[in-house]
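The first sequence: position 180 = 197 (our numbering), numbered continuously.
All residues carry an ideal CB built from backbone N, CA and C; glycine is no exception.
All figures in this text were calculated on a predicted structure; none of them were measured in a lab.
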Amino acid sequence: MSVRVRYAPSPTGLQHIGGVRTALFNYFFARSQGGKFILRVEDTDQTRYSDESLQDLYDTFEWLGIKWDEGPDVGGDFGPYVQSERFDLYREYADKLLESGHAYRCYCTAERLEEMRASQKKATGYDRRCRDLSPDEEKKLAAELEEKGLKPVIRFKIPLDGATSFHDEIMGDIKRKNKDINPDPVILKGDGFPTYHLANVVDDHYMQITHILRAQEWIPSGPLHVLLYQAFGWEPPKYCHLPMVMGKDGQKLSKRHGSTSVREFRKEGYLPEALINYVSLIGWSYDDSREFFTIKELEELFTLDKLNKAPGVFDYKKLAWFNGQYIRNTEDAELKKQLIPFLVEADVIADPPTDEEQKVIDNFMELVKPRLKTLGEIGSLVKFLFKDVEPEDPEIAVPKKLDIAKTVEVLSAGRDLVASLKENSIEDVENSFRSKSEELEVKLGDMMGPLRVGVTGSNVSPPLLESCELIGIDESLRRIDRLIAALKSRL
RNA sequence: GUCUCCUUCGUCUAGUGGUUAGGACACCGGGUUUUCAUCCCGGCAACAGGGGUUCGACUCCCCUAGGAGAUGCCA
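Pasting the structure below:
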């Protein structure tokens, strides 16, 4: 039987790193096996559902360049692929469980459950009050509940003794005593919607899912799901519980660790290829040294047996490093295209860019490439090329070993050399700088430094002479003169 | 509390009885360089602890410790 796997997110929040990695592993596994990758939207929680989350799901995967073979938007033979549209199916199967004696109606209200929990010394779960009701008791409780305008829920009967086990492709055999399983979980809620457990099992069966690759946080409900399959008389799929993605403190990755949604990373200027590459390496490896993989390569090389058991910590710095590598390997034309929105966003260029701006962008590409870790850094890096910038304090131009007077002298000499850029090459002018700095008995850096501040407004910038050419020599001179004047006034 | 799972450098990992325990990020040094980056070179740094099994354990078994997850009419 050919492989069929699914990613089954719940549209209750933005797509985050953990979920996306699960999707990716499913996708890579499907591709490597020549199988199908399916998207199923699990929108059974009406209270937490949001349209924005659903939209974010589509936006995220479109941006990542990951496509599913079957799903709500592309169709398929096993639809509908949205659980709220499969409503009747779950009711039907809950009823079947009722008939076969594997489930029962529970008339406990939220209030009673709360009281019950409060009175429990240890959290032992539902007390199974409604599990073995006599017909009379049941009638009475049903009437009471109806009076309050509420509907009963359906709970699954967990066997009181024995044990349930399943095989996990990564973890090996996992066994759990039935008495340790959450006592009689709700499978159909009061609002008629199924809970995750029921919907998941029914859908995975009907969609002929062969392998379930999901996060390890689901391990504890594995036995429950197996019991459900057994109750229906179905063959459970193969399980493969993926190691989780943690924050630096070892807790589940969350907002307080930094960005977690793909949307945020996108906004900060991470490239989808870099994100995918990095995220794939948390909990999975290919061999002892290779770590650069295109999406295509991952589609071929991914294997379950290289998956790790232990959870992995998300390392923002390594992601940034990957991103820098990917930026440097991007063609200029392509990078430019990606950079423009960030320049617009930073209010550095017009939207759309003018011809003049286009030219500047073309020309700074090589200068900027090795300096970027994220696309979002472009604004502050090249702002001075488009806008007049002044140092917040002219004295940051004064090198440690020089005083203001000497700085002015050096600046004036440098100014003339910058002016000579009009007729000489950068190389020639650079040589002139060398001899001039010797003559003035200052280090080359101390000569360039003040000019840099004058032209770029900062002590850190792309190469100075190239920058001057990009801005225009006259404009550069104007800025330098302005700095000289500002420093002179402080003498 | 209970249950389940996990445990190699700070981090991601390679390793499946015999290795100087390898790579990458980070960090630290050095080189290139007009600053910052890039790039190159070098360094620091790990088998959680204790018992076994074995001629020999990072590798197999047991215990302890630590960590995580689950324990919902959320997924």
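Minimum Cα-Cα distance from I187 among the listed residues P289, H258, D445 and S475 corresponds to H258.
Counting other Cβ atoms within 10 Å of its Cβ, P254 reaches 16 or more and is therefore classed as buried. A distance below 8 Å separates the beta carbons of V37 and T77. In the DSSP assignment, K284 falls within the alpha helix (DSSP H) that extends over V279 to E285. Between the segment 208-227 and the segment 22-38, the count of Cβ pairs shorter than 8 Å is three or higher; the stretches touch. In the structure shown, the three-state DSSP call for G35 is helix. A distance of 8 Å or more separates the beta carbons of L41 and I236. By alpha-carbon distance to A503, the top candidate from E483, E486, P467 and L481 is P467. In the three-state DSSP reduction, F310 falls in the coil class, being neither helix nor strand. Look at I171 here: in three-state DSSP terms it is strand. The beta carbons of Q100 and T61 sit about 5 Å from each other, so the pair counts as a contact at 8 Å. Straight-line measurement puts the Cα of L230 at about 52 Å from the Cα of E483. Secondary structure at D201: coil, using DSSP grouped into helix, strand and coil. At a Cβ-Cβ threshold of 8 Å, V427 and L438 do not count as neighbours. Distance from the Cα of D68 is smallest, within the candidate group R103, Y110 and G30, for G30. Counting along the chain, G189 sits inside the beta strand (DSSP E) bounded by residues G189 to K194. Between D208 and R145 the beta-carbon gap is near 22 Å, outside 8 Å, which marks them as no contact. Taking each of S306, K313 and P370 in turn and checking the Cα distance to F46, the smallest one comes out for K313. Nearest to S475 by alpha-carbon distance, out of L398, K192 and H242, is L398. In the three-state scheme derived from DSSP, where H, G and I count as helix and E and B as strand, V399 is classed as helix. The residue from T181, Y107, L389 and G267 with its alpha-carbon nearest to that of D190 is T181.
Contact between Y98 and G88 holds, since their C-beta atoms are separated by about 5 Å, short of 8 Å. Here R148 carries a coil assignment [DSSP, helix/strand/coil]. Nearest to I501 by C-alpha distance, out of A422, V435, S449 and L318, is A422. If you check the CB distance, G35 and L336 do not come in under 8 Å. For D379, the enclosing alpha helix (DSSP H) stretches over residues D372 to V385. Per DSSP, R103 is not a residue of any alpha helix (DSSP H), being assigned neither H nor E. Taking all protein chains in view, the Cβ of A140 is surrounded by fewer than 16 other Cβ atoms within 10 Å, so the residue is classified as exposed.
Proximity of the segment 282-292 to the segment 382-398 meets the contact definition, three or more beta-carbon pairs being nearer than 8 Å. A check of alpha carbon separations from E164 across T126, C147, L318 and P260 identifies T126 as the nearest.
Taking all protein chains in view, the Cβ of L167 is surrounded by fewer than 16 other Cβ atoms within 10 Å, so the residue is classified as exposed. A contact between stretches requires three or more CB pairs, one per stretch, nearer than 8 Å, and the segment 337-346 meets this requirement with the segment 377-390. A436 is not a Cβ neighbour of G471, given a cutoff of 8 Å. The C-alpha of R108 lies about 26 Å from the C-alpha of S70. Its chain contains S454 as the residues whose beta carbon lies nearer than 7 Å to that of K460, once the 5 sequence neighbours on both sides are disregarded; these appear in chain order. Excluding residues up to 5 positions away in sequence, S19 and V20 lie with their Cβ nearer than 8 Å to the Cβ of G51 in the same chain.
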